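First up is the structure itself, then whatever we jot down about it.
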Amino acid sequence: MLLPHIAVRVESIRAERYSFDPVRMMQMNLSIMFSHGKKVDQRFTLGYVVKIDITPPIASISVKGTCTITPSSPEEAKELEKFFKEKKVPGNIVSFIYNYVMALISLLARELGLPTPCIPPTAQQRPKEFKGVEYHV
5 MLLPHIAVRV
15 ESIRAERYSF
25 DPVRMMQMNL
35 SIMFSHGKKV
45 DQRFTLGYVV
55 KIDITPPIAS
65 ISVKGTCTIT
75 PSSPEEAKEL
85 EKFFKEKKVP
95 GNIVSFIYNY
105 VMALISLLAR
115 ELGLPTPCIP
125 PTAQQRPKEF
135 KGVEYHV
């Protein structure tokens, strides 16, 4: 099975720190918004905005861009067209954009003197009665 070619382009970056006063606790709210997917020739384009707001309001970061998806087969093109007609975004494309943009946001957060907004990976807990082959992914 071939996978589509996905290209992510960042068009706008805004990172601003409003206050440098020390705070005891902060909360980061991450939101990802997508525009409607459009078919252009044999490709699909999808706009996105990833925004991080911090409470108390001491900083904000937003990244805006476009994702271009080139299907590798006609079946894949039909499936993508079906998703975009239903105003949905496939999960693998959402995670691809998220991973791409989070690397950039992490660097921007560090430059502003903020903690990295990524959730650190945790070890998976498997049931004790598990008997079988275990694969590491």
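Going by the working numbering, the first residue of the sequence shown is number 5, and it counts up by one from there.
Where is the CB? At the ideal position from N, CA and C, for every residue including glycine.
Just so it is clear, the structure is predicted and the values come from calculations on it, not from any experiment.
Check: Inter-residue Cα distance where the pair is residue 120 and residue 38; Outcome: 23 Å
Check: Outcome for residue 95 when other beta-carbon atoms lying within 10 angstroms are tallied against a minimum of 16; Outcome: exposed
Check: Residue nearest to residue 67 in terms of C-alpha spacing, selected from 110, 22, 117, 10; Outcome: 110
Check: Cβ contact (3+ pairs, closer than 8 Å) linking the segment 62-78 and the segment 13-28; Outcome: yes
Check: Cβ shell of residue 41 (< 6 Å), same chain only, five flanking positions each side left out; Outcome: 48, 50, 88
Check: Residue 83: first and last residue of the uninterrupted alpha helix (DSSP H) it sits in; Outcome: 78-89
Check: Helix, strand or coil at residue 18 [DSSP, three-state]; Outcome: strand
Check: Residue closest to residue 117, alpha-carbon to alpha-carbon, out of 43, 34, 64; Outcome: 64
Check: One or two residues paired with residue 56 in a DSSP bridge; Outcome: 34, 65
Check: Length of the line joining the Cα atoms of residue 9 and residue 77; Outcome: 11 Å
Check: DSSP-derived helix/strand/coil call for residue 47; Outcome: strand
Check: Exposure of residue 75, with buried meaning 16 or more beta-carbon neighbours within 10 Å; Outcome: buried
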